[in-house]
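Structure first, then comments.
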Amino acid sequence: MKITTLIITLIFMTVNVLAQNKKSFYDFKATTIEGQPFDLSTLKGKKVLVVNVASKCGNTPQYAQLEELYKKYGPEKFVILGFPANNFLSQEPGTNAEILNFCTLNYGVTFPMMSKISVKGKEIDPLYRWLTSKQENGVLDAPVKWNFQKFMIDENGNLAGVVAPGDSPKSEKIINWIEKK
14 MKITTLIITL IFMTVNVLAQ NKKSFYDFKA TTIEGQPFDL STLKGKKVLV
64 VNVASKCGNT PQYAQLEELY KKYGPEKFVI LGFPANNFLS QEPGTNAEIL
114 NFCTLNYGVT FPMMSKISVK GKEIDPLYRW LTSKQENGVL DAPVKWNFQK
164 FMIDENGNLA GVVAPGDSPK SEKIINWIEK K
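Each residue of the sequence shown is one higher than the last, beginning at 14 in my numbering.
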């Protein structure tokens, strides 16, 4: 009887420790494209669309659709975060300053852009490790397949879903998610 009680106690303690160690989106920090620290916990209560972006990709015109979404739904309850990455065929070779200039001049981007990071491989940014690994996010494995993969984060900092790189930022899946109360 004592051994059974001890085993049950150990199981509950282990589950409690694991639950406490589970990270949310809000546990991460980033750096803006201008070089300023950005604490993702400042986005609590908002839906966030996290997108790895690139300037020389067939999907680059999605910047215009992302900006339209941001103007329609943001920034009070919805935010888009662009994370430039050069992981696919060197399609984002520029510096942060060059990327910001490109996005502003060509697409009028006003949603927050972060500093260039790696979204896969040995150099993967900790946020993207969390986004892409079920072991870390508790929801699903979603390795980044190409530029403009979209991660949906709910108001509580949990991964709510992923949209493929080639799918429009204005897809029914994203619009329904944003508009869902």
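Using N, Cα and C, we set each Cβ at its ideal position, and we do this for glycine too.
All of these numbers come straight from a predicted model, not from anything done at the bench.
Residue i by DSSP, collapsed to three states: which one?
| i | result |
| --- | --- |
| Pro178 | coil |
| Ala41 | Residue 41 is actually Phe in this sequence, not Ala. If DSSP states are grouped into helix, strand and coil, Phe41 belongs with coil. |
| Phe115 | helix |
| Ile166 | strand |
| Leu53 | helix |
| Asn189 | helix |
| Ala155 | coil |
| Asn2 | This structure cannot speak to residue 2, because the chain is shown only from 14 to 194. |
| Thr73 | coil |
| Asn150 | helix |
Mind checking residue i: buried by the 16 CB within 10 Å criterion, or exposed?
| i | result |
| --- | --- |
| Asp138 | buried |
| Glu105 | buried |
| Glu185 | exposed |
| Pro125 | buried |
| Ala110 | exposed |
| Leu79 | buried |
Are the CB atoms of residue i and residue j nearer to each other than 8 Å?
| i | j | result |
| --- | --- | --- |
| Ala67 | Pro88 | no |
| Ile46 | Met127 | yes |
| Val64 | Leu144 | no |
| Lys60 | Glu149 | no |
| Gly151 | Tyr39 | no |
Per DSSP, residue i forms a beta bridge with which residues?
| i | result |
| --- | --- |
| Gly48 | Paired residues: none, contrary to the question. |
| Gly95 | Val64 and Met126 |
| Leu172 | Ile166 |
Determine, for residue i, whether the minimum Cβ-Cβ distance to residues of chain C falls below 8 Å.
| i | result |
| --- | --- |
| Leu82 | As a matter of chain content, chain C is missing from the structure shown, which is built from one protein chain. |
The region 130 to 148 contacting the region 74 to 90, beta-carbon criterion three pairs below 8 Å | no
So, do the region 143 to 161 and the region 177 to 188 have three or more beta carbon pairs nearer to each other than 8 Å?
-> yes
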